[in-house]
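For reference, the structure discussed in these notes is given below.
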Amino acid sequence: MTTKEIASRLVELCRKGNFEAAQKELFSDDAISVEPHATPGFEKETKGLQAIFEKGQKFNDMVKEVHEINVSEPVVADNSFACCLRMHVTMKDGKTNNMNELCVYKIKDGKIISEAFSM
Numbered sequence: 148m149t150t151k152e153i154a155s156r157l158v159e160l161c162r163k164g165n166f167e168a169a170q171k172e173l174f175s176d177d178a179i180s181v182e183p184h185a186t187p188g189f190e191k192e193t194k195g196l197q198a199i200f201e202k203g204q205k206f207n208d209m210v211k212e213v214h215e216i217n218v219s220e221p222v223v224a225d226n227s228f229a230c231c232l233r234m235h236v237t238m239k240d241g242k243t244n245n246m247n248e249l250c251v252y253k254i255k256d257g258k259i260i261s262e263a264f265s266m
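So this is what it looks like as structure tokens:
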């Protein structure tokens with residue numbers, strides 16, 4: 148797949164909330180995920196697809212309800228792309244969270260090798 152095809156597919160799956168399906172299909176086994184900062188229970192950097200799955204599950208376990216997911220069209224370069232992810236969720240502790248992150252992905256050999264989120 149080209150970078151543009153990978154970007155389009157990721158956006159398509161994420162708009163449906165199918166984040167793990169996107170990771171299984173598009174990420175390399177040794178991918179790295181970088182958060183803007185370490186938060187309680189989460190590391191700043193997660194290495195490996197299995198660990199990324201576990202991080203996603205940990206987040207999902209904290210969410211009571213997803214109200215909205217919005218993913219922008221990707222901006223594509225040769226071996227990277229970026230999009231904006233906005234999520235409105237209610238956490239199990241009752242607090243609402245409006246997340247707005249810039250997501251930057253790097254591609255190598257037809258797979259995503261890294262993702263980095265900035266607020």
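Counting in my numbering, the sequence shown runs from 148 upward without gaps. Virtual Cβ for every residue (Gly too), placed ideally from N, Cα, C.
Asked, Found
"The region 169-180 / the region 239-248 touching (three or more Cβ pairs under 8 Å)", "no"
"Secondary structure of M209, DSSP reduced to three states", "helix"
"Outcome for M262 when other beta-carbon atoms lying within 10 angstroms are tallied against a minimum of 16", "The sequence as given places Glu at residue 262; Met does not occur at that position. Burial call: buried."
"Where T186 falls, given that 16 or more other Cβ within 10 Å makes a residue buried", "exposed"
"Own chain, CB closer than 8 Å to S227, minus 5 neighbours either side, in chain order", "T150, V251, Y252, K253 and I254"
"For T243: DSSP bridge partner residues", "T237"
"Minimum C-alpha distance to H235 - residue among K194, D176, I216 and K202", "I216"
"Same chain, Cβ closer than 6 Å to D176, neighbours up to 5 away in sequence not counted", "L196"
"Rounded distance between the beta-carbons of V181 and E192, thought under 8 Å", "5 Å"
"For K202, the three-state DSSP class (helix, strand or coil)", "helix"
"As assigned by DSSP and simplified to three states, the class of A131", "The structure shown has nothing for residue 131, since the chain only spans 148 to 266."
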